[in-house]
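In the numbering used here, each residue's number is its place in the sequence shown (first place is 1) plus 2.
Please read the structure below before turning to the comments.
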Amino acid sequence: MGVMKVAIGDALLTSMWVFSMPLLTIFTAETASFLGVQTLPLAPLFISTVLVSILVITFSAIGEIFGGASFNPAASLTFHAAGLGKKTPPSSPWQSASRPRPQGPRNNLIKQWLVSVTTAILVITGSNFTGAPMNPASAFGWAYVNSRHNSWELYYVYWIGALIGAALGAWVFRFLVSPPSTPPIKQKKA
């Protein structure tokens, strides 16, 4: 039941994320208008970052209820391909060597805020390019709203390309960063 719970959670969270992403622009504009800061150059960026942080924190909490579900299918694939899951074989050398894994901030709010700021920066710097952003669910949400979701070409860009890119990136990470596996030590029988 654990795998089914996570799979259902992934499907539910991805659907909710696809639904909420097109609303982000509307909420950003309405919030800026309400606060009277729509003429300030960085105000929409700041408001979007705060709203995305709230969404990421909310969706992460819901994902934890579902046993680790994610709203980004590419991220799930990436972590499993890189061996960064809690119960994956590549994580075993870290545990057996009694070395702690590299850790980031301990505060969940700071972690989520850093993810949101990084996402906002990467999306803004890559906004002139065509194709999917880092989250294929977000890209598909916008494509659906703009009626650009019904061609195979965009299906490849929004889903297949993102998932293949995530897997390749994870495997390169595993190759470059993961510690080499140590052969098991043979014990002599008495």
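C-beta atoms are modelled at their ideal positions from N, C-alpha and C, and glycine is treated no differently.
Boundaries (first-last residue) of the alpha helix (DSSP H) holding PHE63: Sequence inspection shows Ala at residue 63; the Phe mentioned does not correspond to that position. That run of the alpha helix (DSSP H) goes 45-67.
Sub-8 Å separation of GLY65 and GLY4 beta-carbons: no
To which residues of the same chain is GLN97 closer than 7 Å at the C-beta, ignoring the five residues directly before and after it? Per-residue confidence for GLN97 stands at a pLDDT of 45, beneath the threshold of 50, marking its modelled position as unreliable; no derived number is given.
Expressed to the nearest angstrom, what Euclidean distance is found between the alpha-carbon atoms of SER22 and TRP154? 24 Å
LEU15 vs PHE61 beta-carbon contact at 8 Å: yes
Through-space distance from ILE49 to THR30, alpha-carbon basis: 6 Å
Do PHE73 and TRP115 have their C-beta atoms within less than 8 Å of each other? no
In the DSSP assignment, the alpha helix (DSSP H) including ILE10 goes from what residue to what residue? 4-37
Identity of the residue in ARG108, LYS191, LEU26 nearest VAL58 by Cα: LEU26
From the DSSP output, in three-state form, read off GLN40 for me. coil
By Cβ distance below 6 Å, which residues in the same chain neighbour ALA99 in space, the five residues on each side in sequence not counted? With a pLDDT of 49 at ALA99, under the threshold of 50, the modelled position of that residue is not reliable, and the figure given next carries that caveat. Counting only Cβ-Cβ distances below 6 Å, and skipping sequence neighbours, we find nothing.
Helix, strand or coil for GLN114 per DSSP? helix
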